[in-house]
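All remarks here apply to the structure that follows.
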Amino acid sequence: MKFFKVFIFIVILTPFLFVGCIQENISFDSKYHLSFSCDTVLFDTLLVDQLSPTKRVKIYNDNKFAINISSIKLSTGANSLFRINVDGCYPSENNEVNDIVVKANDSIFIFIEATVSDTSNNRNIVVTDSILFCYNGNVDKLQLCAVAKNVIVLNKYVLTENQVWDAKLPYLVFGYVYVPEGKKLTISRGAQILLHSGANIIVDGELSCEATFDAPIIFRGDRFDAVNDVDGTPYFFLPNQWGGIYLQNPQNNYNFNFVKIYGMSIGIVALGTDRYFPKIKIFNSVIQTSGNYGIYAQNSDVSIVNSEISNCLSGCFVAYGGRCRVVHTTFANYYKFSSRKLESVRISNYAVQNGYKYLFPIDNCVIENSIIFGSLPEELKLDLDTLSINSGNCLFSHTLIKGKLIDNDMFYNCRWAKSQNSNLSYDTIFINTSIQDISQSGYYNFRLDSASYARGGAAISVSQIFPLDLDMKSRTSDRYPDMGCYEWRLN
């Protein structure tokens, strides 16, 4: 009886084994070809001597027979700057993999990386190679191309003397750059500071970033590739790509003029004391997409003029005490990368920690000709202890504010608004407040929509002091200047 059961099992199973063998028959006929998910793999842009992201290519066999790829190899062999892995198989020292079978109506993956080395000190390097697929007398070629930037690498770097960083080569920061007390770092127009994940700029000395409209200074992450999502969102548009800029000496001055800061965990942190306020000037600048604050100022003297501070999870501008003057600045917060619960602008003269109240007196705070707007119902928070000294030294003038009307002497000729056109999925204050379809509409655009409630609301006497907007266009030509850093214009 046991013999009978085993015999029946073998008889039943045999046809399936036979079918499986037929399906995996390998054809050596040259008329059967493979196809590829792309014909060229482009790495744009890499950094010299730094490992690239991994690219993936799918190889299809749409035929009724299996195909044996006798050789998959890099054209330049062992000298190639590219590396491959074929469906989990690593190549030989000559960068070749042999006898890879692709089943009928099936596919395999090939993974590709690159590390570009160069000693020429040229700003940009282009490296090419190809992967050859040899099977059944056919040779298919997959082109490879990598564009790399030469960089100056700084790893846990401490300045030992005053330095000037220029625009000849980008600076790539790992860990941190530390400017000790008594030293000064000057960053010149056109310089690019690329920061690796978690890297910070920490300043106990002096920092001066002076640039121009046509050659701004840029702080950003070091990834130039895109997320593998529906839209292929560039990492450049994402928060938390690097750390932040910490200004820690309460007796120093810090200048940022025509500076663009993108994709950090925290933007600029300024720390003073009850006796000394560091002076921070942020003019004609953009601070965009922070996983925490855009600007965090504690007992500091902050001037923000003609700038955009946007999309910051914990607030675009948060000030505890000190002094601040904000003119023609746009605070726009439509952060979409996680749930946001804190207002775009928060000003307070105290903080509570571990049950203790700490006072941060406000000497003076003026915000004028600006915009405070975003996706929350209330985008301005005044957290003032009225029993403290200097609790009410705040003035908001000719500013568009998202939220309910506050009727007191701190607000003069301001415009208050809920979501404009709230029946729509976006606000018409700005041109584009969404990242949902980045391939079609691009990243957020906080220039004014033609129907924007911010148009014509600025005080012309103030605008005449700052007659050019962030695009270097006149804001006084029509005698009705707009709120915020961008003047509306046709086209």
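Under this note's numbering, the first residue of the sequence shown carries the number 12, and numbering increases by one thereafter.
The beta-carbon is built from N, C-alpha and C at its ideal position, and this holds for glycine as well.
Beta carbon of residue i nearer than 7 Å to that of residue j
i	j	result
residue 291	residue 337	no
residue 214	residue 258	yes
residue 348	residue 250	yes
residue 252	residue 232	yes
residue 293	residue 318	yes
residue 188	residue 165	yes
residue 67	residue 122	yes
residue 394	residue 359	yes
residue 56	residue 160	yes
residue 306	residue 340	no
residue 92	residue 59	no
residue 104	residue 89	yes
residue 70	residue 136	no
residue 471	residue 492	yes
residue 282	residue 325	no
residue 72	residue 117	yes
residue 335	residue 376	yes
Residue i burial status per 10 Å Cβ neighbour count (16 or more: buried)
i	result
residue 423	exposed
residue 381	buried
residue 45	buried
residue 139	exposed
residue 49	exposed
residue 97	buried
residue 217	buried
residue 488	exposed
residue 366	exposed
residue 478	exposed
residue 148	exposed
residue 211	buried
residue 226	exposed
residue 224	exposed
residue 102	buried
residue 417	exposed
residue 42	exposed
residue 84	buried
residue 419	exposed
residue 191	exposed
Chain B contact for residue i (CB, 7 Å cutoff)
i	result
residue 384	You won't find chain B in this structure, because it holds only one protein chain.
Separation of residue j from residue i, as counted between CA atoms
i	j	result
residue 163	residue 320	29 Å
residue 301	residue 374	28 Å
residue 209	residue 114	44 Å
residue 308	residue 47	53 Å
residue 202	residue 221	10 Å
residue 445	residue 343	12 Å
residue 311	residue 295	20 Å
residue 155	residue 87	11 Å
residue 150	residue 385	56 Å
residue 53	residue 237	12 Å
residue 330	residue 284	13 Å
residue 407	residue 322	22 Å
residue 260	residue 474	32 Å
residue 1	residue 254	Here the chain has residues from 12 to 502 only, and residue 1 is not among them.
residue 62	residue 183	13 Å
Of the listed residues the options, nearest to residue i (C-alpha basis)
i	options	result
residue 76	172, 35, 67	35
residue 169	311, 194, 254, 180	194
residue 587	88, 467, 152, 65	Any property of residue 587 remains undetermined from this structure, which presents the chain solely from 12 to 502.
residue 274	155, 298, 281, 286	298
residue 219	73, 173, 179, 234	173
residue 480	78, 497, 467, 491	497
residue 256	279, 235, 266, 236	279
residue 405	346, 455, 333, 370	333
residue 78	107, 104, 37, 94	37
residue 124	89, 69, 105, 65	65
residue 286	81, 240, 105, 370	370
residue 328	350, 357, 237	357
residue 197	494, 383, 177	177
residue 303	350, 235, 428	350
residue 457	469, 409, 427, 346	346
residue 502	322, 484, 490	484
residue 466	95, 323, 486, 180	486
residue 427	362, 94, 230, 494	494
residue 264	228, 282, 289	289
residue 240	474, 323, 363, 447	447
residue 158	352, 190, 235	235
residue 80	146, 100, 95, 73	146
residue 266	207, 142, 200	200
residue 179	228, 455, 190	228
Next on the checklist: With three or more beta-carbon pairs closer than 8 Å as the criterion, would you say the stretch 461-474 touches the stretch 440-448?
Outcome noted: yes
Next on the checklist: Under 8 Å: do the stretch 406-417 and the stretch 383-393 share three or more Cβ pairs, one atom per stretch?
Outcome noted: yes
Next on the checklist: Between the stretch 236-247 and the stretch 263-271, can you find at least three pairs of beta-carbon atoms closer than 8 Å?
Outcome noted: no
Checklist entry - Between the stretch 102-113 and the stretch 124-133, do at least 3 Cβ pairs fall closer than 8 Å? => result no
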